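In the working numbering, the protein residues as written are 9 to 320.
One structure is given below, encoded as structure tokens.
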Amino acid sequence: MQVFDADAVHAALSWPVLIEALRKAHLGPMPACEVVVQSDPTNGEGQFVTLPGWAPGGPIVVKMVGVFARNASLEPPQPAVQGLVALFDGATGAPRLAADGAAMTARKTAADSALGAMLLARDNVEDLLIVGAGALSPYFAEAHLAARPSLKRVIIWNRTPARAAAVADHLRQKGIDIFVTEDLDSAVRGADIVTCVTMSDKALIKGALLRPGAHLDLVGAYLPTLREADDEALSRGTIFVDSRNNMTGGGDLSQAVDSGAITWDAVRGDLFELVQGKATGRTSPDEITIFKNNGGAHLDLFTASALADTIG
């Protein structure tokens, strides 16, 4: 069994390799997946999540992670999601690899959205807006740039400008041209791709401001109480999800359904349907597309399998 620390995960899974691996994996069926969530027995805000997944005729993955939203405020900050991902042989149960959970989560979550942008965003996008400056935000900049090479400018916004500036400094050291803004509404008006990676409990993106042809990538609202885009955004755009299996859990879609702004029938397709040609993606240059990144054990399985492929 091989063990991958965070640096080894990032080194092995380049964005082009991982995005293509995810695309190919979606040509097959959805693996059998489960989610086990345990809450802090002292009534704290932390959770521990176990996500097993088993591909038909293929390997088994078990992701074991803690979810602690307050980690960003620690000194030094820690990722909100961290733990381990383990891959097992589907025929014998033998362990094949174990990998750093935070690195695997960052890699697969950003690549999930990047695949969505590759399939749905316009070919000539130039301006990327990142909303949020948490531990995942740098990876979304890198992944979207890899998926859409036409992107020329990156802008980042965060409620705390100093955190946005720190992420921008980090990305500049990697050669990425990025600017910090304190005017979110203005940035939304000018962006071709808006990717939201926050823990917000209220809508940040106003649908009225989305430019024709924009692609909105919603990542952070993984609980029913969280939200990143308002009802108008959801009703203006054509909605896609990474998987229909877990699309009802996040606040962006469920709150819009509860308010009557949309129905669940508004979801045109998921990544399986898009990759397999069972759903139509963007139909015009002016269409606004929305991709809800919900995650899931199947993506951990696909990512761990891609990592295993790097070692033969």
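Just so it is clear, CB atoms sit at the ideal spot from N, CA and C, and this is done for glycine as well.
Predicted model, so just to flag it, every value in this text is computed and none were measured.
Hey, out of the options, whose CA is closest to residue i's CA?
i: proline 157; options: Ala77, Ala170, Leu123, His34; result: Leu123
i: alanine 110; options: Arg104, Arg252, Val57; result: Val57
i: valine 138; options: Lys116, Arg161, Arg130, Ala129; result: It should be pointed out that residue 138 corresponds to isoleucine in this sequence rather than to valine. Of Lys116, Arg161, Arg130, Ala129, the residue nearest in Cα terms is Arg161.
i: leucine 136; options: Ser243, Leu224, Pro49, Leu59; result: Leu224
i: cysteine 41; options: Thr50, Leu30, Gly61; result: Gly61
i: leucine 179; options: Glu150, Gly303, Val69; result: Glu150
i: glutamine 181; options: Arg197, Val69, Trp165, Pro146; result: Pro146
i: glutamine 90; options: Ser267, Arg115, Leu309; result: Arg115
i: alanine 229; options: Leu218, Met207, Arg219; result: Met207
i: glycine 52; options: Ala29, Phe76, Val44; result: Phe76
i: valine 266; options: Gly277, Leu21, Ser243; result: Looking at the sequence itself, residue 266 is aspartate, so the reference to valine does not match. Nearest C-alpha to aspartate 266: Ser243.
i: threonine 318; options: Asp48, Arg104, Asp200, Val202; result: Arg104
i: aspartate 308; options: Phe248, Val73, Ala222; result: Val73
i: asparagine 253; options: Ala102, Leu279, Gly268, Gly183; result: Leu279
i: leucine 315; options: Leu144, Ala125, Thr113, Thr189; result: Thr113
If you measure from the beta carbon of residue i to each beta carbon in chain B, is any gap under 9 Å?
i: arginine 219; result: Of the chains in the structure shown, none is chain B; there is only one protein chain.
Given that a residue counts as buried once 16 or more other Cβ atoms are within 10 Å of its Cβ, and exposed if not, what is residue i?
i: threonine 100; result: exposed
i: isoleucine 298; result: buried
i: lysine 71; result: buried
i: valine 175; result: buried
i: aspartate 120; result: buried
i: proline 37; result: exposed
i: serine 194; result: exposed
i: glycine 215; result: buried
i: methionine 255; result: buried
i: arginine 130; result: buried
i: arginine 78; result: exposed
i: aspartate 108; result: buried
i: tryptophan 272; result: exposed
i: alanine 241; result: buried
i: phenylalanine 187; result: exposed
i: threonine 288; result: exposed
i: proline 220; result: exposed
Roughly how many angstroms lie between the CA atoms of residue i and residue j, to the nearest whole one?
i: asparagine 301; j: aspartate 250; result: 6 Å
i: glycine 98; j: alanine 63; result: 8 Å
i: glycine 245; j: leucine 127; result: 15 Å
i: histidine 306; j: arginine 290; result: 25 Å
i: leucine 159; j: valine 133; result: 6 Å
i: proline 87; j: arginine 171; result: 14 Å
i: alanine 141; j: aspartate 15; result: 21 Å
i: alanine 312; j: valine 11; result: 12 Å
i: threonine 233; j: threonine 168; result: 22 Å
i: aspartate 191; j: valine 283; result: 36 Å
i: valine 17; j: leucine 26; result: 11 Å
i: phenylalanine 310; j: alanine 33; result: 6 Å
i: proline 24; j: threonine 50; result: 43 Å
i: alanine 69; j: valine 44; result: Note that residue 69 corresponds to valine in the displayed sequence, not to alanine. Approximately 14 Å, taken between the alpha carbons.
i: alanine 28; j: glycine 65; result: As written in the sequence, residue 28 is glutamate, which differs from the alanine given in the question. If I take the Cα positions, the gap works out to 21 Å.
i: aspartate 294; j: methionine 9; result: 50 Å
i: alanine 274; j: alanine 173; result: 37 Å
i: aspartate 48; j: glutamine 55; result: 6 Å
i: isoleucine 296; j: tryptophan 165; result: 21 Å
i: valine 93; j: alanine 199; result: 35 Å
i: cysteine 204; j: leucine 226; result: 5 Å
i: aspartate 185; j: alanine 154; result: 14 Å
i: arginine 31; j: leucine 21; result: 14 Å
i: leucine 95; j: alanine 118; result: 20 Å
i: alanine 106; j: glutamate 281; result: 30 Å
i: alanine 222; j: proline 67; result: 37 Å
On the three-state DSSP scale, how would you describe residue i?
i: arginine 197; result: helix
i: aspartate 108; result: strand
i: serine 292; result: coil
i: lysine 71; result: strand
i: arginine 161; result: strand
i: glutamate 28; result: helix
i: glutamate 281; result: helix
i: glutamate 240; result: helix
i: glutamine 86; result: coil
i: glycine 257; result: coil
i: glutamine 263; result: helix
i: arginine 219; result: coil
i: glycine 36; result: coil
i: aspartate 177; result: helix
i: threonine 100; result: coil
i: aspartate 135; result: strand
i: serine 208; result: coil
i: threonine 311; result: helix
i: aspartate 13; result: coil
i: serine 145; result: helix
i: proline 60; result: strand
i: glycine 124; result: helix
At least 3 beta-carbon pairs within less than 8 Å: the segment 203-222 vs the segment 237-247
Yes, the segment 203-222 is in contact with the segment 237-247.
Just checking, does the segment 69-84 make contact with the segment 261-270 on the three C-beta pairs under 8 Å criterion?
By the Cβ criterion, the segment 69-84 is not in contact with the segment 261-270, since fewer than three pairs of Cβ atoms, one from each stretch, lie closer than 8 Å.
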